[in-house]
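In the numbering used here, the protein residues as written are 294 to 544.
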Amino acid sequence: ATLVASIYGSAASAHDYGSKHHQTNNSKTLSINSVKPLSKTTLEVTLSKEVDGVKAHHFSIKGGKITSVKLATDKKTVTIETAGLDYDKRYTLQASGLKIQGKEQKSLSFNFKSATVTDLWSLSIKANASSLQANGKDEAEITLQLVNKNTGAIDTNADNLQLQLNTTYGTLTPKTVTMQDGEAKVILRSSSSKKDVTAKITARITKAPKENKDLVGKLTGSATVNFTAQPFTLSLMHTNDTHANLDNVAK
């Protein structure tokens, strides 16, 4: 399974993910405007001007490796595939040898800080029913998914992640489940109650293979399902029925 994470390059970010250094940002020179996250291994770099082309040797990151690059049709956006980057760590992206209309530009440098696990990932918990009868029998299917916050996509490469679940009301089966292809399912059964209650289901990742070890203990998710009590029904017995039943009473 491949773990993905988020790397930002905005100097104005409240989380201080990145800042520009060692470059002049004006209309006459080429500069790096931003480094946007797509995954832990993928960076989207926005340049200030159109360039003739890009190759892997045009870029470098100390502490990481550039595996491939691709220039978008706007000739300003570069998708860079990397390896070896960690969470919550400062890096410097270097760019050199880029050309505009055949003229080689000055070398560029952009400092950024990689994101934390929770900046990128969310543990989604959804029930196929928002309400159950509080009769101890009604059931709902609970789906848990590892979701990339930037793309909204499920990480289908996330395998063998162990999840521990709890609920304030009702019963979960099972309480421990292993996620495959970024997804797992459990069953919630309602509890008997004479009043309406709300069950809060929580889950956390407790065990994961090496490539996803950073998720352990850092990601949690929650969802709620209402348990609705059944209205009290008063049965009235007809007078004739009462007489009939009284006749059968032992004397």
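Note that beta-carbon positions come from the ideal geometry of N, C-alpha and C, so glycine has one too.
Rounded to whole angstroms, T370 and E337 show a C-alpha spacing of 7 Å. When only Cα atoms are considered, T517 and S400 end up about 53 Å apart. Residue environment: P330 is assigned as buried (16 or more neighbouring CB atoms within 10 Å of its CB, all protein chains considered). DSSP places L413 in the uninterrupted alpha helix (DSSP H) bounded by V410 to L413. Close CB contacts of M472 within its chain, under the 7 Å cut and outside five residues either way in sequence, are with L437, L439, A451, L454 and L456 (chain order). T385 is bridged by DSSP to N404. The beta carbon of I447 sits closer than 7 Å to those of Q438, L439, V440, G475 and E476, all from its chain and outside the five residues before and after it, given in chain order. Take the alpha-carbon of T360 and the one of A388: they are about 14 Å apart. Judged by DSSP in its simplified three-state form, E504 adopts helix. Between S353 and L465, the alpha-carbon positions lie close to 49 Å from each other.
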